[in-house]
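**Q**
Residue numbers (our numbering), protein chains in the order written: chain Z, 733 to 1160; chain C, 733 to 1160.
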């Protein structure tokens, strides 16, 4: 039994006072229960961005992260284009034109958008052009159609233009040889557009971190199968997979781990081909906590036990380069762990920015109590004015499914008063 | 030439003063240029949520929207379970127990988690149970292992428990027959977990709105193909597809539309099998604006011309139930239109909540000018203090690709001063 004396603990930060009743049978206490921020930092310090790459077509590139600098092999636009419907002219031929003193030019042709016609204009000549059409050789400006009047092949220009007027010169947007996007760029729709503009049809992006999900427990069966006496449907595979897929990862659901040393070991060793392994369940202070033993044998447990509620028995380990998480079996505890630890880890591995937290302020609808010595994540529903407790029991998935977000009650507090203003962290 | 007299227009809201120089050749003016908010409202008023459904496996359900109420056919948990490792007992057998006066019980068996063993306990008996194990018949509480001492088959209980203690009763989380989730619920990871908990392996969700994308223009070629003289790479198919995919839709890239009446008409009619059709390009005031003619013949143009920059020539039409958008050909104009009009429309069609806008305040790094009479979306890059213009030209995709967001300059303003505080809308 582990007891915290909060006053003392606050004094001797980081030191946990442990008191074990003499009649308690031998068991593994959480000797190194650490604060939440420290645990999260340990996770972030121990994971590495995935450097594998893959090619994806442009239509599947949005939301991915560039794995290479992209240099343009073309200019954009690739040629000087008309910015408006009108006439390509030599600007100097229009100087002095006015509403009552038009300049007359001779129309020598027309270039439609998309045409590659080779035309040339000399002094006193004009070529009709559509918006986006190639500017013929010799022309250096476009007179808009509304500033002209046409009479057969005679064009009257009512307004002078300067050189370059209404022409988008070749390379105005992107120069040939220019680095358009750099390695590490998140491909927003606009950046996908920049790739399209330079003719890139496929692009190298970082591969998604692959996450093996291995719930532990002899009681678990897959949704859709028959529920025999003593069994329950597995929840954690599906909540974890959803979180993984929504945060740049690729979830792989592996077979459930039985509560036996050999089974855990063989499944763990197979799972090491993935970038991340997430166990859930099997982590208690009881005699049957075999997971931690197996993982310790093959790698290093970086922490075991965090000053949070839910999520106290959470552990994190490295086996070679593989990040291994041990999350509680209770669905809400496991999912809260996923949001607090797995999401930042995954996003860093996927080269993605950290998620943007949305926080709103509400008054607490009723008094709630918490546990001194553990930071509590407490789920709430909200309306325009109040936050209402959504918490049922730590095992209840409906605590989360029916909530809009959560409030954080610090480890040093055991109470939130009715009408106290709280910050609600909304689910993503 | 269309001139707005802003002072007057603001007075006679909705009335646009049009002044056409007498020398301008006959063309189609934007007679009904409308304010931005009105245009967006017209779009939202004219689209319908997609009511088609499809079944998806639970691993692909996150982010989708439920198309049916989900009633549970099981209780969760399906049986009364031990909430801790310990011993299932009759609570009354522990009354009076204390640290120096333990109650002695006889251990008659053990139930592991996941086992369906049929055990029964009588007065003075206990069954060892693991967390999550079935509570045997006759027991009504669990004594935690740390409150006991075991000596062979003799159990000494050092702390009394009340009936129900450390038992999660059947149906505590979800009752059999209970409606767990309602039609229209966005499937967050927690809600996917609630479905898993009741054994649902596949779920009916609303189908994604299918969006046909048809850029118009003889100059367009696909990225990856050879760029002939006079041609440019198509950008809009890829920016639009990215926006569609990121907002709950399914993008389908159709063949480019040539600037010919028959080609437009045949491609439009084929595209009507989709929920939304997006044209880009081909919408100018020039003689070759055939798109609007064809669309008008088959349906109703709801607006044509919006008081925004970029995006003035935007139109929107209904052909039967199909929403048809006409967006400018310039990549930045088209993409801005997609964010302002297509995203809210798509999300409503997909039964998704409107996107959460992230707005930050910055000082403008330099003075910028705008156009009176049109609300301007002006792209900016930001650092911790300033917003810097990212705008290059209206055709430049890099204006957007290199920006962090945009500021809105109202139609009644033609200037933002240096150091003026602006609200920057960050890209999603």
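Cβ atoms here follow ideal geometry from the backbone N, Cα and C, with glycine treated the same way.
Since the structure is predicted, the reported quantities are computational estimates derived from the model, not experimental observations.
Where does residue 880 of chain Z sit, in a helix, a strand or coil, going by DSSP?
**A** The residue given as residue 880 of chain Z occupies position 148 in the first chain. If DSSP states are grouped into helix, strand and coil, residue 880 of chain Z belongs with the strands.
**Q** Could you have a look at residue 908 of chain Z and say whether DSSP puts it in helix, strand or coil?
**A** In the first chain, residue 908 of chain Z corresponds to position 176, counting from 1. Reduced to three states, the DSSP call for residue 908 of chain Z is coil.
**Q** Within its chain, find whatever has a CB closer than 7 Å to the CB of residue 722 of chain Z; leave out the 5 residues flanking it on each side and keep chain order.
**A** Outside the shown range of chain Z, which is 733 to 1160, sits residue 722 of chain Z, and nothing can be said about it.
**Q** Assign residue 1059 of chain Z to one of two classes, buried (16 or more other C-beta atoms within 10 Å of its C-beta) or exposed (fewer than that).
**A** The residue labelled residue 1059 of chain Z in the question sits at position 327 within the first chain. Under this definition residue 1059 of chain Z is a buried residue.
**Q** Check residue 1024 of chain Z in the structure and name its three-state DSSP category.
**A** What you label residue 1024 of chain Z is simply residue 292 of the first chain in a count that begins at 1. In the structure shown, residue 1024 of chain Z sits in a helix (DSSP, three-state: H, G or I).
**Q** Name the residues in the region 891-916 of chain Z whose C-beta lies less than 8 Å from a C-beta of chain C; which are they?
**A** 900, 904, 905, 906, 912 and 913
**Q** Using 8 Å as the threshold, is the region 859-871 of chain C in touch with the region 782-793 of chain C, meaning 3 or more CB pairs across them?
**A** no
**Q** Taking Cβ-Cβ distances shorter than 8 Å, what residues in chain Z pair up with residue 866 of chain C?
**A** Taking the first residue of the second chain as position 1, residue 866 of chain C is located at position 134. Per Cβ cutoff of 8 Å: 961 and 962.
**Q** Does DSSP put residue 1076 of chain C in a helix, a strand or coil?
**A** Counted from its first residue, the second chain places residue 1076 of chain C at position 344. Helix at residue 1076 of chain C.
**Q** Would you decide whether residue 773 of chain Z is buried or exposed? Buried here means 16 or more other CB atoms lie within 10 Å of its CB.
**A** Position 41 of the first chain, counting from 1, holds the residue named residue 773 of chain Z. Residue 773 of chain Z comes out exposed.
**Q** Please classify residue 1145 of chain Z: does DSSP put it in a helix, a strand, or coil?
**A** One-based indexing of the first chain puts residue 1145 of chain Z at position 413. The answer is coil: DSSP assigns residue 1145 of chain Z none of H, G, I, E or B.
**Q** By how many angstroms is the C-alpha of residue 935 of chain C removed from the C-alpha of residue 805 of chain C?
**A** Residue 805 of chain C sits at position 73 when you count from the first residue of the second chain. Residue 935 of chain C sits at position 203 when you count from the first residue of the second chain. Straight-line Cα distance between these residues: approximately 14 Å.
**Q** What does residue 1124 of chain C reach in chain Z if we use C-beta pairs closer than 8 Å?
**A** Position 392 of the second chain, counted from the first residue, corresponds to residue 1124 of chain C. Result: 904 and 905.
**Q** Which same chain residues, not among the five before or five after residue 952 of chain C, have their C-beta less than 6 Å away from its C-beta?
**A** Position 220 of the second chain, counting from 1, holds the residue named residue 952 of chain C. 966 and 988.
**Q** Could you check the C-alpha separation between residue 1104 of chain Z and residue 1147 of chain Z for me, to the nearest Å?
**A** Walking along the first chain from the start, residue 1104 of chain Z turns up at place 372. Walking along the first chain from the start, residue 1147 of chain Z turns up at place 415. Residue 1104 of chain Z and residue 1147 of chain Z: Cα-Cα distance of roughly 9 Å.
**Q** What runs of the beta strand (DSSP E), each 3 residues or longer, lie entirely inside the region 939-967 of chain Z?
**A** 942-947
**Q** Looking at the secondary structure, which residues open and close the beta strand (DSSP E) in which residue 1049 of chain C lies?
**A** Taking the first residue of the second chain as position 1, residue 1049 of chain C is located at position 317. From DSSP, the beta strand (DSSP E) with residue 1049 of chain C extends over 1047-1051.
**Q** My output table needs one value for residue 824 of chain C: the three-state DSSP class, helix, strand or coil.
**A** For the purposes of this step, residue 824 of chain C is taken as residue 92 along the second chain, with counting starting at 1. Residue 824 of chain C: helix per DSSP, three-state reduction.
**Q** Looking at C-alpha atoms only, which residue of C:1013, C:850, C:986 and C:1061 is the closest neighbour of residue 1002 of chain C?
**A** The residue labelled residue 1002 of chain C in the question sits at position 270 within the second chain. Cα-wise, what sits closest to residue 1002 of chain C is C:986.
**Q** Along the chain, where does the beta strand (DSSP E) that runs through residue 1121 of chain Z open and close?
**A** If you number the first chain from 1, residue 1121 of chain Z lands on position 389. Counting along the chain, the beta strand (DSSP E) containing residue 1121 of chain Z begins and ends at 1118-1121.
**Q** Can you name the start and end residues of the beta strand (DSSP E) that residue 806 of chain C belongs to?
**A** For this step, residue 806 of chain C is matched to residue 74 along the second chain. No beta strand (DSSP E) contains residue 806 of chain C, which DSSP labels as neither H nor E.
**Q** Residue 902 of chain C and residue 868 of chain C: beta carbons closer than 8 Å?
**A** Mapped onto the second chain, residue 902 of chain C falls at position 170. Mapped onto the second chain, residue 868 of chain C falls at position 136. Contact flag unset, no.
**Q** In its own chain, which residues sit with a C-beta less than 8 Å from the C-beta of residue 1140 of chain C, not counting the 5 before and 5 after it?
**A** For the purposes of this step, residue 1140 of chain C is identified with residue 408 of the second chain, where counting begins at 1. Correct list, in chain order: 1107, 1108, 1109, 1110, 1155 and 1157.
**Q** Tell me where the beta strand (DSSP E) around residue 997 of chain C begins and ends.
**A** Against the second chain, residue 997 of chain C aligns to sequence position 265. First-last for residue 997 of chain C: 993-1003, but that is the alpha helix (DSSP H), not the beta strand (DSSP E).
**Q** Check the Cβ-Cβ distances between residue 778 of chain Z and every residue of chain C, and say whether any is below 8 Å.
**A** By 1-based counting over the first chain, the position of residue 778 of chain Z is 46. Cβ-Cβ to chain C under 8 Å: no for residue 778 of chain Z.
**Q** Distance cutoff 8 Å, beta carbons only. Does residue 757 of chain Z sit that close to anything in chain C?
**A** Taking the first residue of the first chain as 1, we reach residue 757 of chain Z at position 25. Unreliable positioning characterises residue 757 of chain Z in this predicted model, as indicated by a pLDDT of 38, which lies under 50. The coordinate reading is nonetheless provided below. Closer than 8 Å: yes.
**Q** Could you spell out where the alpha helix (DSSP H) holding residue 1130 of chain Z opens and where it closes?
**A** Working through the first chain from its first residue, we reach residue 1130 of chain Z at position 398. Looking at the DSSP string, the run of the alpha helix (DSSP H) that includes residue 1130 of chain Z is 1129-1133.
**Q** Can you give me, in chain order, the residues of the region 1064-1076 of chain Z that have a beta carbon less than 7 Å from any beta carbon in chain C?
**A** 1067
**Q** For residue 1061 of chain C and residue 886 of chain Z, what's the separation of their Cα atoms in angstroms?
**A** Locating residue 1061 of chain C in the second chain gives position 329, where the first residue counts as 1. Locating residue 886 of chain Z in the first chain gives position 154, where the first residue counts as 1. Each residue's alpha carbon lies about 30 Å from the other.
**Q** Considering only residues of the same chain and omitting the five flanking positions on each side of residue 1033 of chain C, which have a CB-CB separation below 8 Å?
**A** Stepping through the second chain from its first residue, residue 1033 of chain C is reached at position 301. Same-chain partners within the cutoff: 1024, 1027, 1047, 1048 and 1049.
**Q** Please say whether residue 955 of chain Z and residue 932 of chain C have beta carbons closer to each other than 8 Å?
**A** As a working note, residue 932 of chain C is residue 200 in the second chain. As a working note, residue 955 of chain Z is residue 223 in the first chain. Yes; because the gap between Cβ atoms is below 8 Å, this pair is in contact.
**Q** Is the distance from the Cβ of residue 728 of chain Z to the Cβ of residue 795 of chain C below 8 Å?
**A** The structure shown does not extend to residue 728 of chain Z, since chain Z is modelled only from 733 to 1160, so the question has no answer here.
**Q** Would you please verify whether the beta carbon of residue 1132 of chain Z is less than 8 Å from any beta carbon of chain C?
**A** Residue 1132 of chain Z sits at position 400 when you count from the first residue of the first chain. Closer than 8 Å: yes.
**Q** Name the residues in the region 1089-1115 of chain Z whose C-beta lies less than 7 Å from a C-beta of chain C; which are they?
**A** 1090
**Q** Are there 16 or more other CB atoms within 10 angstroms of the CB of residue 856 of chain Z, so buried, or fewer, so exposed?
**A** Sequence index remark: in the first chain, residue 856 of chain Z carries index 124 (1-based). Burial call: exposed.
**Q** Can you tell which of C:848, C:783, C:854 and C:850 has its C-alpha closest to the C-alpha of residue 837 of chain C?
**A** Taking the first residue of the second chain as 1, we reach residue 837 of chain C at position 105. When only C-alpha atoms are compared, the closest one is C:854.
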